[in-house]
Every structure is written in C-alpha cells, then in structure tokens.
Amino acid sequence: MRNKLLIIILLLVIGCQSAVLASDWGVEHENVLSVRYGGMWMQDQYLSPLLYSGQQVGLSNEWWQEFRCDSTKKWEHVGKMDVGFGWMYNHMYTNLIYSLGLHGGWGACYNWHWTDYGLRVKLGPYMDVDLTGKMHGSSVNKPYSMDLAVNLCAMGGLEWAFRAKKTSYRLRYMVRANVIGMDYLPDYWHSYYEMGEGVLGDFRCAGMWNHRHLQHELTFDMQLKRSTWRVGIAHEYLEYGEKGMMFSREMVSAVVGCVWQYKTRPKVVF
1 MRNKLLIIIL
11 LLVIGCQSAV
21 LASDWGVEHE
31 NVLSVRYGGM
41 WMQDQYLSPL
51 LYSGQQVGLS
61 NEWWQEFRCD
71 STKKWEHVGK
81 MDVGFGWMYN
91 HMYTNLIYSL
101 GLHGGWGACY
111 NWHWTDYGLR
121 VKLGPYMDVD
131 LTGKMHGSSV
141 NKPYSMDLAV
151 NLCAMGGLEW
161 AFRAKKTSYR
171 LRYMVRANVI
181 GMDYLPDYWH
191 SYYEMGEGVL
201 GDFRCAGMWN
211 HRHLQHELTF
221 DMQLKRSTWR
231 VGIAHEYLEY
241 GEKGMMFSRE
251 MVSAVVGCVW
261 QYKTRPKVVF
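Per this note's numbering: the sequence shown = residues 1 to 270.
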C-alpha cells in the first residue's frame, strides 16, 4: 500500500509541472533549455564505504509563468525537469559507480518588484522529486542502489535586469532547500534481488534534521542579436542516513543554455 501511494504521489507531482508553462518580466512564457558539465562526489554505504568522485553531464528544461488569475502579476509558478548521468571512481581507481538521475519539481513564488532598478526578489514553496539510480561496478550481491525522495522545499531568488549598449542582460541567483517530505533507505542486509521480491527497505519522514538537500545556481542571461543565451554555475548537495549508513551526493556544474520568451509564438528576445 505504501509503495502504491508513493507511486501516485510521484505521478501527481511530475504531472502537475507539465500543466502550464512559465514566464517572467511581463511575457507570457519563459522556457530555458540548458546543458551542464562538472564534477560529482558520491558516497553510498549500501554499495561501498568509500567516497567516489568523478564527472557528470546533464540536460534540463525549466519554465516560468505568471498565474493568470493574479491581476497584480506578483505570483508566478515554475517547473523543472532534469536528467543527468555520472561516473565516479574510488580514490584508488579500482572500482566504478555509474549514476542516472531524474529530477522534477513544481513551485510557486511571490515577487517583490523594484522596476526602476530592475530588481526582483522571489520567495515561495517548491515540491521536488529526486530519483537517482546507482550501479556498482563489481559488487555481486549489491550492484544497485538509489536515492528516492519527495520533498517540500523553500525557494528563494534575486534577479537584476539591466540594459547596456542596446543589449538586455539579467543576473539571477536561485536557491532551494528541503523542509519536510519522504525518502527511502535500503536495508543494508538485503541484496538487490531480495528488494525485487518485495523487501524494499524503509520509507520514512524526511526533514532538515535527517535529510539535507540544497540546490542553488547563479546564472547570467545575455541577448545576442535575436537569441538570448545563459551561462552560469550550479551546485547541489545531498546528505541523509540512518542505521549506521550514510548517503551523500555533491555536484558542481558549469551551465550553458538558451532562453525563449514568448506569448503566442516563440521569440528569443527579452
């Protein structure tokens, strides 16, 4: 029953974010498609007691939209889908862990505007889904593991939009931190084929006291003729554990993407 309930929650959260897309600075929609590349560090004591480090790549799509029912234009919602792949070695380079992650989320935020200065402050809730599968290179009884969590997060941001030399620019910092939710912990004494027979470990209430997940990024958008490009840096840190097992994941990435803002048809200008 718990497993069915969790699957329903996952489907609802991922389905909600595909409803209506997003916008900013008075346009109907804003859509950002970006790629990332950087370093990755991981510890999964179900698979191995060692710390693994390596590289990761990813592709993400993020969208913003003002709530149509809000005449003040101060409330907006945001959705994001992200897929990433990583490969990491232990410090002796004798073993390898692969990871494949799927992240989705949807949130809403209130905006404080200072139009004369091009400033905007954002604050609101965000529902985040994290599913990351991991495969150990040489383990026989425990070759697979995963990070699985559904969290309600606090989201905040600061934007500064300005013009220089007849070109539009925007500097944005966004941060999300989990507050409360649910996560999954494998049972150390069960192998992966026992999990397949229904012994799935523990689902538990997760909060800032036992599950810490921080995501933040600094981006810079610049208009180049008829297109708007984004460059930035992103950082993610995850740590949780229980019963003598610790799990952690950290990523630092360079981000490059393209920004579309449009009403009835796409326009890649501010």
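Idealized CB from N, CA, C, for every residue including glycine.
Source: prediction; values computed, not measured.
Here CYS109 really is in contact with LEU123; their C-beta atoms are around 6 angstroms apart, less than 8 angstroms. Going by DSSP, LYS122 is part of the beta strand (DSSP E) stretching over 119-136. Of the candidates TYR184, GLN261, GLU236 and VAL252, GLN261 places its Cα closest to the Cα of MET222. With 16 or more other Cβ atoms from the protein chains shown falling within 10 Å of its own Cβ, PRO186 counts as buried. For ASP187, the secondary structure class from DSSP, reduced to helix, strand or coil, is coil. Between the region 47-67 and the region 80-94 there are three or more C-beta pairs closer than 8 angstroms, enough to call the two in contact.
Out of ARG163, GLU236, GLY156 and VAL150, the CA that lies nearest to the CA of ASP116 is found in ARG163. Residue environment: GLY244 is assigned as exposed (fewer than 16 neighbouring CB atoms within 10 Å of its CB, all protein chains considered). Ranked by how close their Cα comes to the Cα of LEU224, the residues THR167, TRP160 and GLN45 have THR167 in first place. One thing to note: LYS80 has its Cβ within 7 angstroms of the Cβ of GLU62.
Rounded to the nearest whole angstrom, the C-alpha separation of LEU214 and VAL175 is 7 angstroms. The DSSP-derived three-state label of THR94 is coil. Taking all protein chains in view, the Cβ of VAL256 is surrounded by fewer than 16 other Cβ atoms within 10 Å, so the residue is classified as exposed. In this chain, the beta strand (DSSP E) harbouring MET155 covers 144-164.
Excluding its 5 nearest sequence neighbours in each direction, LEU119 has C-beta neighbours in its own chain below 6 angstroms: TRP160, listed in chain order.
Proximity to GLY105 across LYS74, TRP64 and GLY86 peaks at TRP64, based on C-alpha coordinates. When TYR184, ARG172, HIS211 and GLN45 are compared, the shortest CA-CA separation from VAL121 is found for ARG172. HIS211 sits close to ASP183, with the two beta carbons spaced by under 7 angstroms. Around the beta-carbon of ILE180, fewer than 16 other beta-carbon atoms lie within 10 Å, marking it exposed.
Within a 10 Å sphere around the beta-carbon of ARG226 sit fewer than 16 other beta-carbons, which makes this residue exposed.
Distance from TYR144 to MET135 at the Cβ level is roughly 6 angstroms; contact confirmed, criterion being Cβ atoms closer than 8 angstroms. ALA177 and GLY207 have their C-alpha atoms spaced approximately 10 angstroms apart. Bridge pairing for THR167: ALA164 [DSSP].
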